[in-house]
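Protein chains in written order, with the working numbering: chain W, 1 to 103; chain L, 104 to 351.
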């Protein structure tokens, strides 16, 4: 059962491509690592940036047809499904350090 | 030179107290724990540095042993909220981080408690309690340096995707530098203990290292918590023109 935003995204990716569960989760994990993001504390805007800027290339390398369109379809699906899974990020280190410096 | 050795800690104490007030005001607006923890850390550090050097500043007699021990407790009181801040911000779910906080706290409480009971402040490499206390307050500084380094690396990647602000990336760098200077200050404590063990006088190297790290710490914290507009603009401009140099 999908519980986190990462789980939802990996599940949608698996459904939209020929990748199996392990490959879909692994590919997404690699992209998130490259983006400097934490799997446990993802937000929808962060995931959107990953699917727009990094995932098309990752899918292309794995022979997925129409990677850009696939990413857009997955992201549209997530945006509607993930509203409850989107974690508040006010406690993320970035948000804390933004506040501490008054910016 | 030696008669002015108290000046860097006095400057640092003034800065810590101002930063503490600013962070406390921020806490009253946000009710978030990190600002409160850092505010309390800086308040204890500011009081300690000021009180410890006040006798030199005002030309008073050296503090009594009892006062010095009270100041030792004030100092270690600044370390507890600092450790909890690191854990709260960087490792909220890490069991090992909780264990590290507990171990360092035990080191600080036992060493300072035993020192108080024995009734003598001995800055000596042969004094076990001094070394245990040193580990207790140095480990959090090393930990902060490590966490800020990791956070900066991650934030640099996020900034390239537009998910982190360059000024925030830079703030991690400044905190990393602050923690590194604090580690150096801790090393200067060992140098001081070595001086006291061998010659019973404090060398220029120990004084210079301690004073230099305090001033450097204040400068990087000032840039982190009170960034002047020219500095913030420079960081933003630099990130826009040299993407690989995001965050300084």
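Glycine included, C-beta positions come from ideal geometry on N, C-alpha and C.
On a predicted model such as this, the values are computed, not experimentally measured, just so you know.
query: Which of the residues in the stretch 174-204 of chain L, read from start to end, lie with their CB under 9 Å from any CB of chain W?
result: 191, 192, 193, 195, 196
query: Taking Cβ positions, are residue 358 of chain L and residue 111 of chain L nearer each other than 7 Å?
result: Nothing in the structure corresponds to residue 358 of chain L, since chain L is present only between 104 and 351.
field: Three-state class that DSSP yields for residue 285 of chain L in the structure shown
entry: helix
message: 7 Å is my cut-off, CB to CB: does residue 331 of chain L come that close to chain W?
response: no
query: How would you write the range of the alpha helix (DSSP H) that residue 19 of chain W sits in, first residue to last?
result: No alpha helix (DSSP H) contains residue 19 of chain W, which DSSP labels as neither H nor E.
message: By the three-class DSSP mapping on this structure, what secondary structure does residue 165 of chain L have?
response: coil
message: Considering Cα atoms alone, identify which of W/42, W/35, W/97 is closest to residue 7 of chain W.
response: W/42
task: Look at the alpha carbon of residue 214 of chain L and the alpha carbon of residue 92 of chain W, and state the distance between them as a whole number of angstroms.
output: 35 Å
- request: Look at the alpha carbon of residue 105 of chain W and the alpha carbon of residue 206 of chain L, and state the distance between them as a whole number of angstroms.
  value: Only positions 1 to 103 of chain W appear in the structure, and residue 105 of chain W is not among them; the question remains open.
- request: Name the two residues that bound the continuous alpha helix (DSSP H) containing residue 98 of chain W.
  value: 93-100
Top-ranked residue by Cα proximity to residue 100 of chain W, from L/169, L/279, L/125, L/144: L/125
query: Which residues mark the beginning and the end of the alpha helix (DSSP H) in which residue 218 of chain L is found?
result: 198-221
query: So, are the CB atoms of residue 232 of chain L and residue 218 of chain L less than 7 Å apart?
result: yes
message: Just to check my reading of the structure: residue 35 of chain W and residue 54 of chain W have Cβ atoms closer than 8 Å, yes? What is that Cβ distance to the nearest angstrom?
response: 6 Å
- prompt: Which first and last residues belong to the alpha helix (DSSP H) in which residue 57 of chain W is found?
  reply: 55-61
field: Close Cβ partners of residue 343 of chain L (< 7 Å) along its chain, the five nearest in sequence each way excluded
entry: none
message: Rounding to the nearest angstrom, what Cα-Cα distance links residue 211 of chain L and residue 146 of chain L in this structure?
response: 18 Å
- prompt: So residue 252 of chain L and residue 279 of chain L are in contact, right, with Cβ under 8 Å, and what is the actual spacing, rounded?
  reply: 5 Å
field: residue 20 of chain W to residue 67 of chain W span [Cα, whole Å]
entry: 16 Å
message: Could you tell me which whole alpha helix (DSSP H) segments of length 4 or greater appear in the stretch 298-336 of chain L?
response: 307-328
message: Quick check on DSSP: helix, strand or coil for residue 109 of chain L?
response: coil
query: Should residue 330 of chain L be listed as close to the ligand SAM, given that the test is whether its C-beta is under 6 Å from any heavy atom?
result: With respect to the ligand SAM, the structure shown offers nothing to examine, as it has no ligands at all.
Exposed unless 16 or more other CB atoms sit within 10 angstroms - verdict on residue 281 of chain L: buried
task: Give the DSSP-derived three-state secondary structure of residue 77 of chain W in the structure shown.
output: helix
query: With distances taken from CA atoms, which of L/174, L/246, L/163 is nearest residue 189 of chain L?
result: L/246
field: Minimum Cβ-Cβ distance from residue 94 of chain W to chain L less than 7 Å
entry: yes
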